[in-house]
Structures are given as structure tokens and as C-alpha cells.
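Chain order of the listed sequences is A and B. Going by the numbering used here, the first residue of the first sequence is number 22, and it counts up by one from there. Going by the numbering used here, the first residue of the second sequence is number 22, and it counts up by one from there.
There are 2 protein chains.
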Amino acid sequence: MSGPEMDAEARAEVSEAVREALARHGYERLTTARIAAEYDKSEAGLYYYFDSKDEMIAAFLEETKKPLHEELLGVDDAGPERAHRGGWDTQFPSPGGPSAGVAVGIMELLSHAPYNETLRKPLLELESVILERLVEIVESGVEQGVFRPVDPRATAAFLLAAADGTTGFYIALEMDVDEELQAGLSAYIDSLVAE
Amino acid sequence: MSGPEMDAEARAEVSEAVREALARHGYERLTTARIAAEYDKSEAGLYYYFDSKDEMIAAFLEETKKPLHEELLGVDDAGPERAHRGGWDTQFPSPGGPSAGVAVGIMELLSHAPYNETLRKPLLELESVILERLVEIVESGVEQGVFRPVDPRATAAFLLAAADGTTGFYIALEMDVDEELQAGLSAYIDSLVAE
């Protein structure tokens, strides 16, 4: 962010506008005007705080870390096995569902990370927050004897890969693998559960 | 492809030029001129066969299905367990390695699939070829008693997700998770192996 500090409510509103515009148009076709079109307040307000679409997207990615962290924390209350399955579910959008467009948009942002430092840093933070939270869920599962004594970081990294990897062939291409993916995940979680 | 039929050698040369240019520039910044710059033969030859960069990319994706199919077939000779681990390895590039750029490029293409029919069709075929080959590997492993009687399609879909999903946080963002991913995959394959 280049301009003055925004208050929390304004940041949340900008983040929501970016989310809608990114889901609708993807990154390449995204413009500050298209973000402004999703923004309830005046365009002038938007440009007062941000110089470019990448800065608006960076603010969206930073905002996204927060609810996601709370979401993953929330499902943990049901116990580690449910938490693990639930933690995946929050990462596992369905084709045509409310998170499908933004999941594909974030995949497109990831493909620009090698060339775009403005996007790379908040993307790395976002993926790191998700990974650390999955590590905590596996750790608590192992501590509570719900899971076998698996390696929490290895398990979490593999789960993150599986979650992120559905975005291409399942969400963007709409390959007909819904049941297969659900069964594959379920079998994987079963392999972690203590006998 | 809009123009006349190309011979096999010419198609392979165009495919290699697209692969190099996509790996170097990504999709958004890719132009027919940048593909031509990687092409050994005359630019006129390239434009004789293709009208747009998307048609050139579609030809590259169609060519890519073939060696990939042979690669996955090749590792199968070592037996189904080795084949399964090897089949993953061919899908699992390393950051900075020879396949890293093109993996990120294909992830970017996938993010355009919802809006771009020229790319969507060959991408769907490519992902389908990989999935079917993984299904065959798991099936042969189950038949030969190397793997437990797991669901081949569920296992293959989950593995495909895990393979594709490393491209974002591991390849594009270069998150330091090399050992974790190797250990996570290894533990997953272990969970498939018959006792």
C-alpha cells in the first residue's frame, strides 16, 4: 500500500471488491476500473489509497489471511479428525461454487509470482498461513492420539498441495472427478487416523 | 490449428519453441513474436500454420501429451511401486529445474481455461491423459498385489491434485518445503503399499 493508512472497515470493503472483480474477470483482464465497479464507495477513495491494481490485490491477499485463519481455527473445535477434514473442506471449492472464481484467480496470481514482487510477498504469506495452520491441526491430532504419529509438516505440505492442485483440473477445467477427489481425500485422512 | 497440416518434425519444433517461450515469459506476456524468437525455422513458416498464440499453445499442449505418455509408460517397467513413485517424479518439477518454468506456464494457462476454449480443450485432454495413466499404474499395482485394494480412480485423482498443487507454493513461490513434500508423498505411497 502506497497511500495513507486505511481503517479496518475500508480495507475489508476494498478486499471484497477485489475478490469479486478477480473472481469475475481473472487477473490478466482485471483493471482498477473493474475493481472500482465492484466497490460501493467512490472510486476517488480507492485511488486515494492505491496506485495500481497489484497494490489493491496485495491488500486483498493480506485481508484474506485473517478470515481464513479464523475459519480454520473454528473447525478445530469439533476435534482434530473433524478439524482436519473440515480444514480441507474450506480449502476445497467446488466448480461453479462461491469460491470457484477466486480460487482460479489466486492460481493465476501464483503463476505471476516469479515475475511480480508486489504479488509474490502476500501470496507467500497467505500460503504460509494456510500451511502453518494445517501443521497445527495435524500436531494437535497426533498429540491427542487421533492421528498416528505422522510427520506434521510433511502431512500438511502434502495436503496443501492436494488442496491447491484441485483448482486447475477440477475447478477451472471442470473435469468430472468430484467423487474421486472426495474418496481420495477420505482415504488419505483414513491413513492418518490411529487404529 | 487453422492452416494446412504440418508434418511431425515441424510440429515438434513449434512445440519446443512454445515450451521455451512459455517457460521464459509466462502466458500473459507471450506473443507470437516471442514464440518465433525461439523457433529455429523462419517466422513465415510459423505464421503459415497458425493464426494466433493460442493456436500455437494448443499445438504445444497436444504434442506434450505424447512424450508424457511414453515417459509414464517407461517407468512402469520397473514394477508398479517404483512406477508409481517414478510417475509422480515426472509430474513433480523442482524450483529452478528444467521443467519449473513450463509448469508455472501451464498453471497460468489453466487459470484462463474458464474463458478460453482454444486452451480449455487441449488442457482438458492433457490432464485427462495424465489422470488415466495414473489410474492404469494404480490398477496394475493392485492387480499385482503391490498395492492394497485401493480405489484406482480416487487414488489417481488425489495424486494428480497433489502433483499439480506443488506448482504454486513450491515452484512459483519457492516456499522451502522440498523435504516436507518428498516425505509427505513417500508416506502417502507407503499407505498404498500392501503389507
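Ideal Cβ positions, reconstructed from N, Cα and C, are used throughout, including at glycine.
State the Cα-Cα distance for the pair Asp75 (chain B) and Thr139 (chain B), rounded to the nearest angstrom. 6 Å
For Asp172 (chain A), would you say it is in contact with chain B, using Cβ-to-Cβ distances shorter than 8 Å as the test? yes
When you compare only the Cα positions, how much space is there between Glu34 (chain B) and Asp61 (chain B)? 8 Å
If we ignore side chains and look at the alpha-carbon of each, how far apart do Arg32 (chain A) and Arg141 (chain A) end up? 20 Å
Counting only runs that start and end within the segment 109-181 of chain A, where is the alpha helix (DSSP H) found for 4 or more residues in a row? 121-133 and 138-164
Are any of the Cβ atoms in chain B nearer than 8 Å to that of Phe190 (chain A)? yes
Taking 8 Å as the CB-CB limit, is Leu94 (chain A) close to chain B? Because Leu94 (chain A) sits at a pLDDT of 49, beneath the cut-off of 50, its placement in the model cannot be relied upon, and the following sentence gives the value as read from the coordinates. No - not a single Cβ of chain B is within 8 Å of the one on Leu94 (chain A).
Give the residues of chain A in contact with Tyr136 (chain B), contact being defined as C-beta atoms less than 7 Å apart. Gly47
Counted within 10 angstroms of its Cβ, other Cβ atoms place Asp72 (chain A) as buried (16 or more) or exposed: exposed
Which first and last residues belong to the alpha helix (DSSP H) in which Thr53 (chain B) is found? Thr53 to Ala58
In three-state DSSP terms, what is Val39 (chain A)? helix
Ordered along the chain, which non-local residues of its own chain (more than five positions away) have a Cβ less than 6 Å from that of His46 (chain A)? Arg55
Sequence-distant residues of the same chain with beta carbon closer than 8 Å to Val224 (chain B), five excluded per side: Nothing can be reported for residue 224 (chain B), as the shown portion of chain B is limited to 22 through 216.
For a contact defined as C-beta to C-beta under 7 Å, what are the partners of Arg141 (chain A) on chain B? Leu194
How long is the line joining the alpha carbons of Leu94 (chain B) and Thr188 (chain A), rounded to whole angstroms? Here the model assigns Leu94 (chain B) a pLDDT of 49, short of 50, so the residue's position is not dependable, and the following value carries that caveat. C-alpha separation (whole angstroms): 26 Å.
Using a 10 Å radius around the Cβ and a threshold of 16 neighbouring Cβ atoms, would you call Gly122 (chain B) buried or exposed? buried
Taking 8 Å as the threshold (C-beta atoms), are Glu59 (chain A) and Pro143 (chain A) in contact? no
Name the chain A residues that come within less than 8 Å of Thr176 (chain B), Cβ to Cβ? Gly205 and Ala208
Return yes when the Cβ of Leu43 (chain A) is within less than 8 Å of the Cβ of Ala57 (chain A), no when it is not. no
Could you tell me how far apart the beta carbons of Glu179 (chain B) and Tyr191 (chain A) are, in whole angstroms, since I believe they sit closer than 8 Å? Residue 179 (chain B) is actually Phe in this sequence, not Glu. Contact doesn't hold; Cβ gap of about 11 Å is too wide.
Just grab the DSSP bridge partners of Val214 (chain A) for me. A:Phe168
Can you check whether the C-beta of Ser23 (chain B) is within less than 8 Å of a C-beta belonging to chain A? Here the model assigns Ser23 (chain B) a pLDDT of 49, short of 50, so the residue's position is not dependable, and the following value carries that caveat. By this cut-off, Ser23 (chain B) is not an interface position.
Cα-Cα, which of A:Asp185, A:Phe81 and A:Leu155 is closest to Tyr48 (chain A)? A:Phe81
In the DSSP assignment, find the alpha helix (DSSP H) that holds Ala193 (chain B) and state where it starts and stops. Note, Ala193 (chain B): premise wrong, no alpha helix (DSSP H); not H, not E.
Would Ser120 (chain B) and Ala193 (chain A) qualify as a contact pair, given that the criterion is a beta-carbon distance under 8 Å? no
Gly66 (chain B), enclosing alpha helix (DSSP H) - first and last residue: Glu64 to Tyr70
Rounded separation between Val167 (chain A) and Ala215 (chain A) - CA only: 6 Å
Using only alpha-carbon positions, find the residue among B:Ala124, B:Glu41, B:Thr53 and B:Phe113 that is nearest to Leu202 (chain B). B:Phe113
Would you call Thr52 (chain B) buried or exposed, if buried means 16 or more other Cβ atoms sit within 10 Å of its Cβ? exposed
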